[in-house]
Amino acid sequence: MNFTTFVPFMQSDMQTLINEQFPNHLLKADVNGSSVVFHSHNGVMLWVEAITNHVMRFRYSAKGYFSPDFSYAMAKDHRSGFAYFKVEELDSYYELRTPKLSCKVQKIDLKVSLYNEEGKLLNEDEKGFHWEEDSQRGDNIVKMSKRSINGEHYFGLGDKPSNLNLRDHRFQNWGTDEYGFAKDADPLYRNIPFYYGLHKEGCYGVFFDNSYRTFFDFASERKNVTSFWAEGGEINYYFIAGSSLMNIAQRYARLTGKPEMPPKWSLGYHQCKWSYSSEEEVMEIAHKLRKLKIPADAIYLDIDYMDGFRCFTWNKENFPDPKGMVQRLKDMGFKTVAIIDPGIKIDMDYSVCKEGFEKNYFCKHADGPLYKGKVWPGECYFPDFTNPEVRDWWSGLFKELIEDIGLAGVWNDMNEPAIMDVPTKTFPLDIRHNYDGHHCSHRKAHNVYGMQMSRATYKGVKKFAFPNRPFIITRSTYAGGQRYSSVWTGDNIATWEHLWVANVQCQRLSISGFSFVGTDIGGFTEHPTMELYVRWMQLAVFHPLMRTHSSGDHGDQEPWSFGEEGTELVRKAIELRYQLLPYHYTNFYQYTRDGKPMIRPLSFYDHQDPQTWYRQDEFVFGDHILVCPVLEPDRQGRRMYLPKGKWYDFHSKEYLEGGREIYLETSLEEIPMMVKAGAIIPMIPVEQYVSNSYKELELHIYRGEESVVSMLYDDAGDGYNHNQGYYLNRNFTVLPSESKYRITQHQEGRMPSSVKEVTLVYHGFKSRPSIVELDSDPFEVEIQENNGSFSFKVAEDFKQITLRWG
Ligand code: MIG
């Protein structure tokens, strides 16, 4: 019998039952610059630090000291920008203040409450910090509980395949290889302990930077409480204030970093399968893509290209001439990406194994012996990627693949780490890790293992691909891993439900720092129908990583695998992707520069509209495009919510008033898609692969009644010259009025434009203008009309174009 069921759920009882302990009253507070350390009589320490005006960090220790401060998540420059911090002692509490955020720490129990700049309560402790001594392990389970404010909503947490709004759910982070994962499965591959809270007084973010197994409860077990805890380490969290969810996303990106600009080709279409297992097969796929005029930029090699699954080797029978093959693909405009797993086959005739063994780079058990785990190659050793020396060695191993053979990117898989034939699916917990000199067991290193592998891979690929940019895709990672690698969502299933999951996961990953995301289009396991594959492809047009992948044993999954109609429809979707490439690349630039999520749930567009809190099919892609995938078979239309503002149907150019739900008719040809009134959307003609310099450029101008700014960023599409000012960033501002429509352009950067003239295409205007002025002079133009829109050409460096009527 479980006697706890008879005990009322009260703090004092909890303490005796499970030995929870709490800080008691304040002994002293040490103020030091922008931080304060509070000490309770029973030896608890709370360290509060202002990182910037909007971000405070809270660290607790029940041990009487703080361990050295170390984190894999934080970006190097995350502290820059702090301005002002004031500490005041009052009768019953301390008040710590920046101009944007204030915090009260109660003297009686060290409980914390946080207020925004208007003095409104954002968040407060319920039980606050407490801990449990785990007698079995001799470590502390560290816990934090917060009051959940009435009607509070929660977002974030990485790749959870559940409703976007996390309210009423419990989750955990423990990187897990979950083949054919189900909706609501938890945990999955990635570990991102960051969430947003939103209620009527405001919004905030909490980043719980702890790499042990972490848990979150969002008002699920107890309706008025949200809690998070970990199996070890510290309660160490960053509290982020902001006036919108978007601001908070940007501040989180400042803390944990952003990637560099990717090679432009990586925003093209990628074709993958487990496996294209011979040169012949690879070339056949490549030729067929070109022959059928299906634009594509990358082809992948899954594990079967290797010799007996030995990383950094080739199966010489099926791939007799890797360098030649990669070159032949290059000549056709394809980049080659190959998979590299962490497991190193135990084979002393295999140089990687021998060297890793001799240099002592593989993971060991607590009592010394090397750890052996079974994966594809059979028994393997595993590099300890948390050791900086091992990472350097690993980076160096890419020389041949990248520099000599010419691969453009690397795919890291199985790095949760995944182990076969053991119930835990991963390393035993006693395995030792270096953790950059902070030696620890697998309990602490598990959730960062994949991140550190992708970091070492990124460093190697970057070095040997120079002067080109690296491309990395990883399955497992931790918060901050976005600095090194893109991610895909893992082994999904070819079902309509999984199309829904794909949509939600990509939105959620995007607001959790990882915008460079995609899913296995069509599903990894099982086989999609033509309709499902088409709908999935259409959604993936708006996923920064657009890759078809499948397990290969359920039938083919190439763009032509679903009959002629399917081929047409898939081609059309991929073509739209390539037409929108300038918009995609600009969106990526805004992500790397400003930390803006590329895929934005509606609540990130307008959190003040309650309709957006539960909406999850629709999302905003970049600044100006609203997308709503069709997620069910056999649909002639669907309902969708248009957030406030005015919109144009991208396909029909119909003008629609927002702030309401609409029913939109759709065909299988098109994904429902809206453009914001006033926006300018850059588009190019379809290319078969990304060419890095636009030959023609169209600017699609959607009439609006308010001033709107649109951006178009471009650079060489590869290399690093953009860091020396060799880029071209155009900022367009529209200034509408009764009788005229004016667009101004401001250019920045030293890269000359690759086009001389741009075509301006005007949508939503009642009639063509009577006068066109270029930089305030009358301008003779030949106006083309087409379906209610009109267009003309103008020199690309125009400063101002004004249309007048009447
Ligand atoms: O145990 O490399 O998620 O994308 O094709 C399966 C083979 C290992 C799992 C990956 C999948 C990949 C597959 N891998």
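Going by the numbering used here, 383 is the number at position 396 of the sequence shown; the sequence numbering is gapless.
Every residue, glycine too, gets a C-beta built ideally from N, C-alpha and C.
Between the alpha carbons of F549 and M517, how many angstroms are there, rounded? Residue mapping note: residue 549 aligns to position 562 of the sequence shown, counting from 1. Residue mapping note: residue 517 aligns to position 530 of the sequence shown, counting from 1. Approximately 5 Å between the Cα atoms of the pair.
List the residues that DSSP assigns as beta-bridge partners of I668. Within the sequence shown, numbered from 1, the residue matching residue 668 stands at position 681. DSSP output for I668 lists H687 as bridge partner(s).
I need the DSSP call for Q159, collapsed to helix, strand or coil. Locating residue 159 in the sequence shown gives position 172, where the first residue counts as 1. The answer is strand: DSSP assigns Q159 an E or B state.
If we ignore side chains and look at the alpha-carbon of each, how far apart do T506 and L97 end up? In the sequence shown, the residue the question calls residue 506 occupies position 519. In the sequence shown, the residue the question calls residue 97 occupies position 110. T506 and L97: Cα-Cα distance of roughly 44 Å.
Answer yes or no: the CB of R297 versus the heavy atoms of the ligand MIG, is any distance below 7 Å? By one-based count along the sequence shown, residue 297 stands at place 310. Answer for R297: no, Cβ out of range of the ligand MIG.
Could you give the DSSP three-state label for M61: helix, strand or coil? In the sequence shown, counting from the first residue as 1, residue 61 sits at position 74. Three-state result, M61: coil.
For S639 and P659, I'd like the C-alpha separation in whole angstroms. Looking up residue 639 in the sequence shown gives position 652. Looking up residue 659 in the sequence shown gives position 672. Going from the Cα of S639 to the Cα of P659 covers about 10 Å.
Under the criterion of a Cβ to heavy atom distance below 7 Å, does S497 qualify as lining the ligand ATP? Annotation note on the ligand ATP: not contained in the displayed structure, which lists the ligand MIG as its ligands.
Own chain residues within Cβ distance below 6 Å of E545, not counting five before or after: As a first step, residue 545 must be located in the sequence shown, where it is residue number 558. Nothing listed; no residue qualifies.
Which class does Q469 belong to by DSSP, given the choice of helix, strand or coil? In the sequence shown, residue 469 corresponds to position 482, counting from 1. In this structure, Q469 counts as helix in the three-state DSSP scheme.
Count the other CB atoms, across all protein chains shown, that sit within 10 Å of the CB of D540; report buried if there are 16 or more and exposed otherwise. The residue you call residue 540 lines up with position 553 of the sequence shown. D540 should be labelled exposed.
G867: CB within 7 Å of a non-hydrogen atom of the ligand MIG: Residue coverage of the chain in this structure runs from -12 to 793, which leaves residue 867 outside it and unanswerable.
Where the beta strand (DSSP E) containing R241 begins and where it ends: Reading the sequence shown from its first residue, position 254 is the one you call residue 241. Here R241 belongs to no beta strand (DSSP E); instead the alpha helix (DSSP H) covers 232 to 243.
Any heavy atom of the ligand MIG within a distance shorter than 7 Å of the CB on D478? Position 491 of the sequence shown holds residue 478. Taking 7 Å as the cut-off, one finds at least one heavy atom of the ligand MIG near enough to the beta carbon of D478.
Find out if the Cβ-Cβ distance for the pair T201, N160 is shorter than 8 Å. Counting from 1 along the sequence shown, the entry for residue 201 is found at position 214. Counting from 1 along the sequence shown, the entry for residue 160 is found at position 173. Against a cut-off of 8 Å, the Cβ pair of N160 and T201 comes out as a contact.
Beta strand (DSSP E) segment containing C367, residue limits: Taking the first residue of the sequence shown as 1, we reach residue 367 at position 380. From DSSP, the beta strand (DSSP E) with C367 extends over 365 to 368.
How long is the line joining the alpha carbons of Y176 and R470, rounded to whole angstroms? Against the sequence shown, residue 176 aligns to sequence position 189. Against the sequence shown, residue 470 aligns to sequence position 483. Cα-Cα distance, rounded: 17 Å.
Helix, strand or coil, according to DSSP, for F453 in the structure here? By 1-based counting over the sequence shown, the position of residue 453 is 466. Correct three-state label for F453: coil.
Given a cut-off of 8 Å, decide if S132 and E113 are closer than it, judged by their beta-carbon atoms. Position 126 of the sequence shown, counting from 1, holds the residue named residue 113. Position 145 of the sequence shown, counting from 1, holds the residue named residue 132. In this structure, S132 lies closer than 8 Å to E113 by Cβ.
Check this for me: beta carbons of P723 and R456, under 8 Å apart or not? On the sequence shown, residue 723 is found 736 positions in, with the first residue counted as 1. On the sequence shown, residue 456 is found 469 positions in, with the first residue counted as 1. Contact flag unset, no.
Quick one: complete beta strand (DSSP E) runs, 3+ long, within the region 402 to 468? 458 to 461
Please determine whether the Cβ atom of D400 lies at a distance below 7 Å from any heavy atom of the ligand MIG. Within the sequence shown, numbered from 1, the residue matching residue 400 stands at position 413. It does: the Cβ of D400 is within 7 Å (strictly closer) of some heavy atom of the ligand MIG.
May I ask you to report which of helix, strand or coil DSSP gives L589? For the purposes of this step, residue 589 is identified with residue 602 of the sequence shown, where counting begins at 1. If DSSP states are grouped into helix, strand and coil, L589 belongs with the helices.
Contact defined as beta carbons within less than 8 Å: I believe V42 pairs with L242. What is the distance between those atoms, to the nearest angstrom? On the sequence shown, residue 42 is found 55 positions in, with the first residue counted as 1. On the sequence shown, residue 242 is found 255 positions in, with the first residue counted as 1. Confirmed, Cβ separation roughly 7 Å.
Any chance the region 304 to 317 sits against the region 334 to 351, with 3 or more Cβ pairs inside 8 Å? no
Quick one: what does DSSP say D713 is sitting in, helix, strand or coil? As a working mapping, residue 713 is identified with position 726 in the sequence shown. For clarity, residue 713 is Tyr in the given sequence; the question names Asp instead. Residue state, collapsed to three classes: coil.
Is it true that the region 604 to 615 meets the region 726 to 739, where meeting means three or more beta-carbon pairs spaced less than 8 Å apart? As far as the Cβ criterion goes, the region 604 to 615 does not touch the region 726 to 739, which means the pair count is below three.
Inter-residue Cα distance where the pair is Q787 and E767: Here residue 787 refers to the residue found at position 800 of the sequence shown. Here residue 767 refers to the residue found at position 780 of the sequence shown. So the alpha carbons of these two residues sit roughly 15 Å apart.
Find out if the Cβ-Cβ distance for the pair K576, K245 is shorter than 8 Å. Along the sequence shown, read from residue 1 onward, the residue named residue 576 stands at position 589. Along the sequence shown, read from residue 1 onward, the residue named residue 245 stands at position 258. Contrary to the premise, residue 576 reads as Tyr rather than Lys in this sequence. No, the Cβ-Cβ distance between Y576 and K245 is not below 8 Å.
Who are E644's beta bridge partners in DSSP? On the sequence shown, residue 644 is found 657 positions in, with the first residue counted as 1. DSSP, once it has assigned bridges, lists K633 as partnering E644.
Simplified DSSP state of M524, which is helix, strand or coil: On the sequence shown, residue 524 is found 537 positions in, with the first residue counted as 1. Residue state, collapsed to three classes: helix.
For F344, which of helix, strand or coil comes out of DSSP? Along the sequence shown, read from residue 1 onward, the residue named residue 344 stands at position 357. Here F344 sits in helix by DSSP.
Straight-line CA distance for N399 to Y239? Taking the sequence shown and counting its residues from 1, the one referred to as residue 399 is at position 412. Taking the sequence shown and counting its residues from 1, the one referred to as residue 239 is at position 252. The straight-line gap from Cα to Cα measures roughly 25 Å.
My guess is that T444 and I331 are in contact by the Cβ rule of under 8 Å, so how many angstroms apart are they, rounded? Here the question's residue 444 lines up with position 457 in the sequence shown. Here the question's residue 331 lines up with position 344 in the sequence shown. That belief does not hold up - the Cβ atoms of T444 and I331 are roughly 14 Å apart, past 8 Å.
Residues near A703 by beta carbon distance below 6 Å, same chain, minus five either side: Counting from 1 along the sequence shown, the entry for residue 703 is found at position 716. Taken in chain order, the list of residues that qualify is empty.
The ligand MIG heavy atom lying under 7 Å from the CB of W261: Position 274 of the sequence shown holds residue 261. Checking every heavy atom of the ligand MIG against the Cβ of W261, one is found closer than 7 Å.
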